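*Asks:*
4 protein chains.
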Amino acid sequence: MKRDPSRAQAIEPASTRDGHRRASIGARRSPQAEEAILDAARALLAERGYSGFSIDEVARRAGAGKPTIYRWWPTKADLFIDVYSAEKSAALVPPETGALWSDLLAYTRALWAFWRDTPSGRTFRALIAEAQASTPALVALRDKFLPERLKDVRHMFDEAAARGEIRPEAVPHLLPLYIGFNWYRLLTDQIADDPEDITIMARTLAGTPQ
Amino acid sequence: MKRDPSRAQAIEPASTRDGHRRASIGARRSPQAEEAILDAARALLAERGYSGFSIDEVARRAGAGKPTIYRWWPTKADLFIDVYSAEKSAALVPPETGALWSDLLAYTRALWAFWRDTPSGRTFRALIAEAQASTPALVALRDKFLPERLKDVRHMFDEAAARGEIRPEAVPHLLPLYIGFNWYRLLTDQIADDPEDITIMARTLAGTPQ
Amino acid sequence: MKRDPSRAQAIEPASTRDGHRRASIGARRSPQAEEAILDAARALLAERGYSGFSIDEVARRAGAGKPTIYRWWPTKADLFIDVYSAEKSAALVPPETGALWSDLLAYTRALWAFWRDTPSGRTFRALIAEAQASTPALVALRDKFLPERLKDVRHMFDEAAARGEIRPEAVPHLLPLYIGFNWYRLLTDQIADDPEDITIMARTLAGTPQ
Amino acid sequence: MKRDPSRAQAIEPASTRDGHRRASIGARRSPQAEEAILDAARALLAERGYSGFSIDEVARRAGAGKPTIYRWWPTKADLFIDVYSAEKSAALVPPETGALWSDLLAYTRALWAFWRDTPSGRTFRALIAEAQASTPALVALRDKFLPERLKDVRHMFDEAAARGEIRPEAVPHLLPLYIGFNWYRLLTDQIADDPEDITIMARTLAGTPQ
DNA sequence: TATTAATCGAGACGGTACGTCTCGTCTTTTT
DNA sequence: AAAAAGACGAGACGTACCGTCTCGATTAATA
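Chains A, B, C and D are the protein sequences, given in the same order. Under the UniProt record's numbering, the letters of the first sequence match residues 1 to 210, in that order. Under the UniProt record's numbering, the letters of the second sequence match residues 1 to 210, in that order. Under the UniProt record's numbering, the letters of the third sequence match residues 1 to 210, in that order. Under the UniProt record's numbering, the letters of the fourth sequence match residues 1 to 210, in that order.
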């Protein structure tokens with residue numbers, strides 16, 4: 001049978017949602033496919049949360065084949081991790097109030113607001129949950145995201161040490177206490193914006209009499 | 001027809017695993033069924049972890065009908081919560097070393113060992129994860145289990161306050177820092193028994209120079 | 001313990017639908033219970049058809065216990081049979097047109113209308129279907145309902161024989177042909193009111209040239 | 001990676017009963033799966049009758065996933081219809097005795113024997129029953145199977161008309177009487193082999209004095 | 001009059017099927 | 001070689017009925 005050139009015209013490069021079709025680009029990873037998959041996954045996650053996040057639905061929305069997804073993200077957790085990492089991290093500019101306790105207060109309020117009010121923030125809970133069942137998720141969480149996102153926090157404590165507010169050796173001891181406090185609050189859904197509550201924690205950690 | 005006392009004997013009380021049958025005891029919940037289901041669920045959880053924990057399998061093992069399970073535990077999370085609550089809590093006797101930092105050191109080491117080495121401990125991670133997707137699980141975790149299991153911890157801090165090691169008002173501020181630290185370590189799988197590591201945390205919280 | 005007359009007042013004889021309760025009347029079958037069950041079954045059948053006809057729902061509606069139903073109607077088919085038999089049979093007065101073919105025409109049209117337009121009529125299909133899986137239903141259908149309801153039909157043929165239209169010995173041969181024709185039409189859902197169509201059959205059976 | 005011809009061998013074509021697995025053959029319906037499912041359904045139907053015919057059991061026996069079944073047979077009735085249509089139709093050679101009445105006698109006796117003695121025959125009752133609850137089954141029965149299987153019957157009457165035994169216009173009037181008679185007997189379980197009984201019907205229909 | 005026996009509503013029980021959902025693998029066809 | 005497409009086995013999900021079995025209350029018939 002002869003090649004039918006009109007069929008090629010019928011094939012569109014974009015999403016399949018509206019009937020279009022993303023053709024293969026040959027023996028190379030298709031950036032379009034990757035993009036479409038990540039977009040679909042992101043949107044799905046934002047719309048229906050982690051419980052509604054399924055590979056089947058991502059494939060449907062992305063107009064992608066499931067094997068295409070599994071080829072690049074061996075497991076559901078891997079895709080989830082990538083989606084999470086592609087999210088715009090919290091627009092959290094580390095505050096410069098001149099005192100550790102007030103820095104912590106400002107930063108924590110912003111962080112909790114982000115966790116509460118953005119899909120990406122809410123997804124973080126799911127990532128922690130996923131990490132309890134999936135080693136890749138755990139590794140990604142612990143070794144990839146945390147170090148990156150903790151830079152700002154570390155910066156605050158380092159500055160405080162530079163100002164002489166706390167001893168420099170204390171920084172690595174205080175960090176996990178601060179992180180843990182926030183996680184504990186997040187995971188028990190106690191991250192309402194309560195400045196007094198946060199202030200107490202901040203002053204306790206900063207060693208400032210209240 | 002005469003009463004036949006032997007009929008009561010004809011009714012098998014126990015599991016259906018080997019073909020026996022647990023008869024109804026009337027229009028009231030059967031303690032035997034409940035027991036069998038919780039036992040099966042507990043065993044399944046210990047054997048295969050939370051990911052292998054399914055209502056179907058619990059029903060199979062318990063020799064129970066699935067509707068019987070759903071009648072009493074409307075959701076999988078509810079059963080899981082009940083199973084967890086039936087678990088023997090950590091046999092953690094709060095230490096009495098005479099100093100907060102060493103109390104914390106001893107208690108934390110024991111707690112981490114429990115988390116590491118017992119199925120029940122490992123299940124706690126799953127409960128926290130489940131709580132991120134299920135409101136009942138969250139409520140149970142936050143309002144039912146935590147208050148109960150935190151008594152010992154609170155006791156340690158109260159004793160320290162009584163000894164004058166820390167200010168009494170500081171106790172409710174220090175508690176979430178301590179809990180959060182432990183959760184953070186558990187959830188990132190960093191609960192190896194490292195006495196030095198734990199000591200640092202303990203001294204930081206206790207305000208004792210190291 | 002003394003008899004408490006006030007308790008008897010608390011017990012209402014009627015349906016449980018609105019919270020009332022039908023107490024036992026002693027070691028005899030309760031006509032009220034039977035009535036309530038048959039009523040509920042009849043209503044359910046009319047409302048939801050045979051596929052929606054379940055013992056559970058009948059018990060619910062009747063405010064009866066399931067064992068009460070099973071005590072008197074050992075199987076679902078038995079209850080169904082009773083319900084069917086309690087239905088008012090078709091108000092089919094055998095016509096007296098003076099000729100077999102026109103008697104058959106009139107009777108068949110009325111029968112098909114009954115089958116089409118009344119719940120009871122529609123239920124007859126279900127009874128035939130049920131009879132294919134349940135021996136009691138088969139026996140009831142064949143030996144209980146058919147003889148009864150065929151009286152009118154037989155009467156028409158007998159009259160025709162008396163008038164000399166057909167030979168008397170032919171009656172038992174023609175009957176099953178007539179019945180079978182109607183069943184075939186009913187079971188293949190071909191019982192629209194088509195006078196011509198029916199006339200052809202009637203004339204064929206009556207031996208009248210068309 | 002080189003093509004590994006042995007891989008094709010690694011894929012078991014047959015049933016999964018013993019742990020083997022029927023691999024996908026791409027984005028097209030798998031004839032093997034279809035075959036296995038129909039085989040299993042046929043066997044199950046023969047073994048346990050229609051009441052024992054369940055999708056779950058078919059899936060189990062076929063080593064197929066339930067969704068695979070539901071993908072191709074949206075409803076239980078659809079699968080049943082397909083199974084029935086795959087059954088070998090009755091090996092009923094239309095007799096050529098030279099007279100309608102004796103043709104009918106021979107044919108009817110063979111038909112009843114088939115209905116009595118073969119699973120497929122017994123299944124026909126279930127199909128008629130199913131058709132009373134399921135429109136697809138009704139349509140399939142009326143418009144698919146009947147026209148096909150009535151060819152032989154029609155042939156007998158046509159031949160009789162050709163021989164001048166009956167008027168040609170009478171054929172379509174006699175057919176439903178003959179079919180209906182057989183159905184009526186089948187559905188009331190009155191298809192014992194009674195030559196005299198059948199002869200009477202045959203002579204009545206053929207218009208032959210007995 | 002006290003006991004016995006059968007009835008009642010209620011509803012739990014084990015079991016099984018239903019039809020849907022998702023997982024991760026596999027294969028064909030197209031580029 | 002990689003893509004889209006989608007079929008596949010597996011099996012969990014939660015619901016609906018089935019028919020059985022107690023329960024505790026109630027009442028007629030029996031002793």
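Note that CB positions come from ideal geometry on N, CA and C, so glycine has one too. Just so you know, these numbers come straight off a predicted model, no measurement behind them.
Determine the burial state of B:Ala91: buried for a count of at least 16 other Cβ atoms within 10 Å of its Cβ, exposed for fewer.
*Replies:* For this step, residue 91 of chain B is matched to residue 91 along the second sequence. Classification of B:Ala91: exposed, given that the 10 Å Cβ count is below 16.
*Asks:* Verify the CB distance criterion: does D:Ile55 have a CB-CB separation below 8 Å to chain C?
*Replies:* Taking the fourth sequence and counting its residues from 1, the one referred to as residue 55 of chain D is at position 55. When Cβ-Cβ separations below 8 Å define contact, D:Ile55 makes no contact with chain C.
*Asks:* For D:Asp117, count neighbouring Cβ atoms within 10 angstroms of its own Cβ and tell me buried if that reaches 16, exposed if not.
*Replies:* Within the fourth sequence, the letter at position 117 stands for residue 117 of chain D. If you draw a 10 Å sphere on the C-beta of D:Asp117, you find fewer than 16 other C-beta atoms in it, and that means exposed.
*Asks:* Closest to D:Ala129 by CA distance: which of C:Lys151, C:Asp189, C:Arg109 is it?
*Replies:* As a first step, residue 129 of chain D must be located in the fourth sequence, where it is residue number 129. Of the candidates C:Lys151, C:Asp189, C:Arg109, the one whose C-alpha sits nearest the C-alpha of D:Ala129 is C:Asp189.
*Asks:* If the cut is a Cβ gap below 9 Å, which residues of chain C does D:Leu105 touch?
*Replies:* What you label residue 105 of chain D is simply residue 105 of the fourth sequence in a count that begins at 1. The contacting residues do not exist; D:Leu105 stays about 14 Å from chain C at best.
*Asks:* So, is the C-beta of C:Asp152 closer than 8 Å to a C-beta in chain D?
*Replies:* Taking the first residue of the third sequence as position 1, residue 152 of chain C is located at position 152. With 8 Å as the cut-off, C:Asp152 does not count as an interface residue toward chain D.
*Asks:* For B:Asp103, does the count of other Cβ atoms within 10 angstroms reach 16, so buried, or fall short, so exposed?
*Replies:* For the purposes of this step, residue 103 of chain B is identified with residue 103 of the second sequence, where counting begins at 1. Counting Cβ neighbours within 10 Å, B:Asp103 comes out buried, since at least 16 surround it.
*Asks:* Taking 8 Å as the cut-off, does the stretch 107 to 124 of chain C touch the stretch 197 to 208 of chain C (at least 3 CB pairs, one atom from each stretch)?
*Replies:* yes
*Asks:* Name the chain B residues whose beta carbon is nearer than 8 Å to that of A:Arg142?
*Replies:* Here residue 142 of chain A is taken as the residue at index 142 of the first sequence, counted from 1. Per Cβ cutoff of 8 Å: Thr188, Asp189, Gln190.
*Asks:* Below 8 Å between beta carbons: does that hold for B:Ala77 and B:Ile69?
*Replies:* The sequence position of residue 77 of chain B within the second sequence is 77, counting from 1. The sequence position of residue 69 of chain B within the second sequence is 69, counting from 1. No, Cβ-Cβ distance for B:Ala77 and B:Ile69 is not below 8 Å.
*Asks:* Whose C-alpha, out of A:Glu87, A:Leu187, A:Ile37, is nearest the C-alpha of A:Gly63?
*Replies:* For this step, residue 63 of chain A is matched to residue 63 along the first sequence. With distances taken between Cα atoms, A:Gly63 lies closest to A:Ile37.
*Asks:* Would you please state the rounded distance, in angstroms, between the beta carbons of A:Asp166 and A:Gly207? I believe it to be under 8 Å.
*Replies:* Start at 1 with the first residue of the first sequence, and residue 166 of chain A comes out as number 166. Start at 1 with the first residue of the first sequence, and residue 207 of chain A comes out as number 207. Checking the sequence, you will find Ile at residue 166 of chain A rather than Asp. The beta-carbon distance between A:Ile166 and A:Gly207, rounded to whole angstroms, is 6 Å. This is short enough to meet the 8 Å contact definition.
*Asks:* Note down, in chain order, all residues in the stretch 114 to 141 of chain B with a beta-carbon under 8 Å from any beta-carbon belonging to chain A.
*Replies:* Arg125, Ala126, Ile128, Ala129, Glu130, Ala131, Gln132, Ala133, Leu138, Leu141
*Asks:* Taking only beta-carbon atoms, is D:Leu44 less than 8 Å away from chain C?
*Replies:* Walking along the fourth sequence from the start, residue 44 of chain D turns up at place 44. False, the Cβ-Cβ gap to chain C never drops below 8 Å.
*Asks:* Pick out whichever of A:Ala133, A:Thr123, A:Ala192, A:Ala161 has its Cα sitting closest to the Cα of A:Val83.
*Replies:* Against the first sequence, residue 83 of chain A aligns to sequence position 83. Scanning A:Ala133, A:Thr123, A:Ala192, A:Ala161 for the CA closest to the CA of A:Val83 turns up A:Thr123.
*Asks:* For B:Trp183, tell me which candidate among B:Leu127, B:Gly52, B:Asp143 has the shortest Cα-Cα distance.
*Replies:* Within the second sequence, the letter at position 183 stands for residue 183 of chain B. The shortest C-alpha separation from B:Trp183 is found at B:Leu127.
*Asks:* Using the beta-carbon of each residue, which ones in chain B are nearer than 9 Å to A:Thr199?
*Replies:* In the first sequence, counting from the first residue as 1, residue 199 of chain A sits at position 199. In chain order: nothing, as chain B lies at least about 10 Å away.
*Asks:* If you drop the 5 nearest sequence neighbours on each side, which residues of the same chain put their C-beta closer than 7 Å to that of A:Trp73?
*Replies:* Within the first sequence, numbered from 1, the residue matching residue 73 of chain A stands at position 73. For A:Trp73, where only same-chain residues beyond five positions count, the Cβ hits under 7 Å are Leu79, Asp82.
*Asks:* In the structure shown, what three-state DSSP assignment does A:Arg21 receive?
*Replies:* In the first sequence, counting from the first residue as 1, residue 21 of chain A sits at position 21. Its pLDDT being 46, under 50, A:Arg21 is placed unreliably by the model, and nothing is read from it.
*Asks:* Just to check my reading of the structure: B:Trp115 and B:Ile191 have Cβ atoms closer than 8 Å, yes? What is that Cβ distance to the nearest angstrom?
*Replies:* The residue given as residue 115 of chain B occupies position 115 in the second sequence. The residue given as residue 191 of chain B occupies position 191 in the second sequence. Between B:Ile191 and B:Trp115 the Cβ distance is about 6 Å, and since that is below 8 Å, they are a contact.
*Asks:* Let me confirm a value: A:His52 is counted as buried when at least 16 other C-beta atoms fall within 10 Å, else exposed. Which label applies?
*Replies:* For the purposes of this step, residue 52 of chain A is taken as residue 52 along the first sequence, with counting starting at 1. This sequence places Gly at residue 52 of chain A; His is not what is there. A:Gly52 should be labelled exposed.
*Asks:* Using beta-carbon positions only, say whether B:Leu141 and B:Ala133 come within less than 8 Å of one another.
*Replies:* Position 141 of the second sequence holds residue 141 of chain B. Position 133 of the second sequence holds residue 133 of chain B. Their beta carbons are not under 8 Å apart, which means B:Leu141 does not touch B:Ala133 by this criterion.
*Asks:* Is there at least one Cβ from chain B nearer than 8 Å to A:Val83's Cβ?
*Replies:* Position 83 of the first sequence holds residue 83 of chain A. No, A:Val83 does not count as interfacial toward chain B.
*Asks:* Could you tell me which chain D residues have their CB closer than 8 Å to the CB of C:Pro176, listed as they occur along the chain?
*Replies:* Sequence index remark: in the third sequence, residue 176 of chain C carries index 176 (1-based). Phe181, Tyr184, Arg185, Met201, listed in chain order.
*Asks:* Residues of chain B with CB under 8 Å from A:Ala170, in chain order?
*Replies:* Position 170 of the first sequence, counted from the first residue, corresponds to residue 170 of chain A. Ordered by position in chain B, the residues that pass the 8 Å Cβ test against A:Ala170 are Thr204.
*Asks:* From D:Arg154 to D:Val171, what distance separates their C-alpha atoms?
*Replies:* Taking the fourth sequence and counting its residues from 1, one reaches residue 154 of chain D at position 154. Taking the fourth sequence and counting its residues from 1, one reaches residue 171 of chain D at position 171. Computed Cα separation, rounded: 8 Å.
*Asks:* Put B:Arg203 into one of helix, strand or coil per three-state DSSP.
*Replies:* Translated into the one-based positions of the second sequence, residue 203 of chain B becomes position 203. The three-state reading of DSSP puts B:Arg203 in helix, counting H, G and I together.
*Asks:* Could you list which residues in chain D have their beta carbon closer than 8 Å to that of C:Ser30, in chain order?
*Replies:* As a working note, residue 30 of chain C is residue 30 in the third sequence. In chain order: nothing, as chain D lies at least about 33 Å away.
*Asks:* Closer than 7 Å by beta-carbon distance: list the chain C residues that pair up with D:His173, in chain order.
*Replies:* Working through the fourth sequence from its first residue, we reach residue 173 of chain D at position 173. Within chain C, the residues near D:His173 are Ile200, Met201, Thr204.
*Asks:* For the alpha helix (DSSP H) that contains D:Pro74, what are its first and last residues?
*Replies:* As a working note, residue 74 of chain D is residue 74 in the fourth sequence. No alpha helix (DSSP H) holds D:Pro74; DSSP gives it neither H nor E.
*Asks:* Does D:Ser102 get closer than 8 Å to chain C when you measure Cβ to Cβ?
*Replies:* By one-based count along the fourth sequence, residue 102 of chain D stands at place 102. Chain C contact via Cβ: absent.
*Asks:* Can the beta-carbon of A:Phe181 be found less than 8 Å from the beta-carbon of A:Ser85?
*Replies:* The count along the first sequence starts at 1 and reaches residue 181 of chain A at position 181. The count along the first sequence starts at 1 and reaches residue 85 of chain A at position 85. No Cβ-Cβ contact shorter than 8 Å links A:Phe181 with A:Ser85.
*Asks:* Which residues in chain A have a C-beta closer than 8 Å to the C-beta of B:Ser51? List them in chain order.
*Replies:* As a position in the second sequence, residue 51 of chain B is number 51, starting the count at 1. Result: Ala133.
*Asks:* For B:Glu96, name the three-state secondary structure that DSSP assigns.
*Replies:* Taking the first residue of the second sequence as 1, we reach residue 96 of chain B at position 96. If DSSP states are grouped into helix, strand and coil, B:Glu96 belongs with coil.
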